[in-house]
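Quick notes on the structure that follows.
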Amino acid sequence: MPRLAVAPHPRPEYTAPAMNRRPGPNATPFATRAHKPIHFPTVNPYRDAHESFGPELIAAEDAPRRKGAWAAEFGRITPLNLELGTGNGSWLATRAASAPAEDWIGLEIRYKRCVQTAEKVVKAGAGNARVVRYSWFELESLFEPGELAAIYIHHPDPWSSWSKAKHRLIKPEFVAAAARLVRAGGELRLKTDFLPHRDALLAALPAAPEWQLIGTSDDVRSSGAPWPDEIVTGYQAKFDGLGLPVYAAWLRRV
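One rule links them: number in our numbering = place in the sequence shown (from 1) + 72.
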């Protein structure tokens with residue numbers, strides 16, 4: 073029995089509002105025929121704020137091109153200092169405002185913390201500071217050897233379970249990389265609420281002769297920091313309020 077020829081059914085015209093279409097160069101309609109606009113909630117408002125903030129906040133994709141040229145970013149040649157872990161930004165804003173003759177960069181990975189830090193930098197009038205959303209593990213894609221005068225590490229993620237300890241920042245390879253990036257006479261300071269971080273830093277020193285241990289502290293709140301110009305971080309204030317210790321170590325680049 074011969075098959076019946078069936079005329080192709082015309083595809084219905086898509087009449088939903090243009091705003092319901094996916095953005096991008098290959099825009100196609102969503103799988104909906106709704107004739108009313110569909111409004112999607114902002115998943116992370118800090119991401120939008122990060123993208124439109126201003127020169128104080130540098131996006132991850134823009135940061136590597138400044139490698140070896142951070143002096144041009146600030147328009148002068150002066151000591152360049154790096155904070156790893158800006159938290160809410162109180163330390164970076166305070167430190168940069170109190171040391172206007174030097175330049176400061178704060179690295180964070182979370183949008184909210186980046187925006188909060190940049191807001192504090194602006195409020196403090198610290199034009200000598202920038203906030204960069206970037207991974208701590210990729211520092212050598214941001215800086216040339218010897219480009220930094222100092223690295224300040226504040227409360228890196230503990231990754232307290234042994235199964236995730238491999239994600240910790242303080243490892244021999246990081247200590248070696250930091251020695252390459254910090255110029256002779258520079259320094260590295262660590263403050264942490266997680267004692268294994270401080271112990272790991274000290275344990276890495278025999279294999280990193282470029283670093284000289286200047287001092288340590290088992291409780292910055294009760295016995296003081298090993299350096300003279302201490303500024304309390306946001307996380308540090310929380311632990312102080314709970315009566316818990318914050319550990320510190322101070323290294324000099326020789």
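From the three backbone atoms N, C-alpha and C, an ideal C-beta is built for every residue, glycine too.
Bear in mind the structure is a predicted one, so any value in this text is a computation, not a measurement.
Does DSSP put residue i in a helix, a strand or coil?
i	result
Ser170	helix
Asn98	Model confidence at Asn98 stands at a pLDDT of 49, short of 50, so the residue's coordinates are unreliable and nothing is read from them.
Asp301	coil
Tyr86	In this prediction, Tyr86 scores a pLDDT of 49, lower than 50, which makes its location untrustworthy; no coordinate-derived value is stated.
Met91	Confidence at Met91 is low in this model, with a pLDDT of 49, below 50, so the placement of that residue should be treated as unreliable; the coordinate-derived value is given next. The answer is helix: DSSP assigns Met91 an H, G or I state.
Ser295	helix
Arg138	helix
Lys263	strand
Ala321	strand
Thr150	coil
Identify which residue in the options has its Cα closest to the Cα of residue i.
i	options	result
His226	Lys263, Thr166, Ser207	Lys263
Gly306	Glu145, Trp299, Val318, Arg270	Val318
Arg137	Val304, Gly258, Glu212, Pro230	Glu212
Val304	Asp134, Ser162, Ser207, Ser232	Ser162
Ile181	Ala169, Gly147, Ile130	Ile130
Glu245	Ser235, Gly315, Asn116, Phe209	Phe209
Arg202	Arg261, Leu267, Ala169, Val292	Ala169
Glu259	Gln284, Ala279, Ser233	Gln284
Val204	Ala135, Pro172, Leu314	Ala135
Lys195	Ala171, Ala165, Pro172	Ala165
Pro228	Phe146, Gln308, Leu323	Gln308
Gly218	Ala249, Ser233, Trp234, Ser235	Ala249
Asp312	Val292, Ala143, Ala171	Val292
Do the CB positions of residue i and residue j come within less than 8 Å of each other?
i	j	result
Val254	Ile286	no
Lys139	Leu214	yes
Ala251	Glu282	yes
Asn160	Arg119	no
Trp231	Asn200	no
Pro151	Glu133	no
Ala321	Arg270	yes
Val326	Ala256	yes
Ala272	Ile242	yes
Asn116	Tyr183	yes
Quick one: using the 10 Å Cβ neighbour count with 16 as the cut-off for buried, is residue i buried or exposed?
i	result
Val247	buried
His239	exposed
Asp265	buried
Gly178	buried
Met289	Per the sequence shown, residue 289 should be read as Ser rather than Met. With 16 or more Cβ atoms within 10 Å of its Cβ, Ser289 is classed as buried.
Gly197	exposed
Tyr86	Annotation note: pLDDT 49 at Tyr86 (below 50); position unreliable, no value reported.
Ala278	In the sequence under discussion, the amino acid at residue 278 is Pro, which differs from the Ala named in the question. Exposed.
Ala141	exposed
Leu316	exposed
Leu314	exposed
Does any residue of chain C bring its CB to less than 8 Å from the CB of residue i?
i	result
Ala309	Chain labels in this structure do not include chain C; a single protein chain is all it has.
For the pair the stretch 145 to 158 and the stretch 289 to 302, tell me if three or more CB-CB distances fall below 8 Å. no
Any contact of the stretch 125 to 132 with the stretch 175 to 192, i.e. 3+ C-beta pairs under 8 Å? yes
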